[in-house]
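Just below is one structure, and these are the notes that go with it.
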Amino acid sequence: SNIGFHIVKAYTLTAVGVLLVLALTLNSVITFVDVIIPITARMGNRNPCEVMIAVLVTISTLLSTSYFIPLTVYIHRKVFTLVSSILISVTFIFFILAITQTIFPYSMKPESPKPKRLYVSYITTESSIQGNLPENYLWV
Numbered sequence: 031s032n033i034g035f036h037i038v039k040a041y042t043l044t045a046v047g048v049l050l051v052l053a054l055t056l057n058s059v060i061t062f063v064d065v066i067i068p069i070t071a072r073m074g075n076r077n078p079c080e081v082m083i084a085v086l087v088t089i090s091t092l093l094s095t096s097y098f099i100p101l102t103v104y105i106h107r108k109v110f111t112l113v114s115s116i117l118i119s120v121t122f123i124f125f126i127l128a129i130t131q132t133i134f135p136y137s138m139k140p141e142s143p144k145p146k147r148l149y150v151s152y153i154t155t156e157s158s159i160q161g162n163l164p165e166n167y168l169w170v
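Using this note's numbering, you'd call the opening residue of the sequence shown number 31 and step up by one each time.
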């Protein structure tokens, strides 16, 4: 009975410590993302800002979820196997849905067209180095 109390106490202290660190980390990540997204939006079209934001969010997600690893010590093997198999199957299902046309948001069906939105810039050049006349472009 006394050993069980110490196990529950250790689990509670570990869980509270993990949740405090996780709350501080997530607050820092949200602040970081709130600062980085407007900065990357002003970088122009030369750098793929979506890729940079995706990498930063992936790193912060891995960092945040790594705090739960100490809690897996206290989970029974059967529960851990069940939870991990559910997570792996959900990940596999979403991966299959993402690479197929099942949930693709754009379509060219005549009865319900859903076109892809593109950013188009209208560019006017004053003159080129060779002395040609001004030209106008639509840049996608």
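Positions of the beta carbon are idealized from the N, C-alpha and C atoms, including for glycine.
Supposed contact pair residue j and residue i - C-beta distance, whole angstroms, cut 8 Å
| i | j | result |
| --- | --- | --- |
| residue 48 | residue 101 | 6 Å |
| residue 144 | residue 136 | 5 Å |
| residue 66 | residue 93 | With a Cβ gap of about 15 Å, residue 66 and residue 93 do not count as contacting. |
Per DSSP, the bridge partner or partners of residue i
| i | result |
| --- | --- |
| residue 149 | Note: residue 149 sits in no beta bridge, so no partner. |
| residue 167 | 153 |
| residue 139 | Paired residues: none, contrary to the question. |
| residue 144 | 137 |
Under the three-state DSSP convention, the category residue i falls into
| i | result |
| --- | --- |
| residue 130 | coil |
Whole runs of the alpha helix (DSSP H) within the stretch 54-123, excluding any shorter than 4 residues: Fully enclosed alpha helix (DSSP H) runs of 4 or longer: 79-95.
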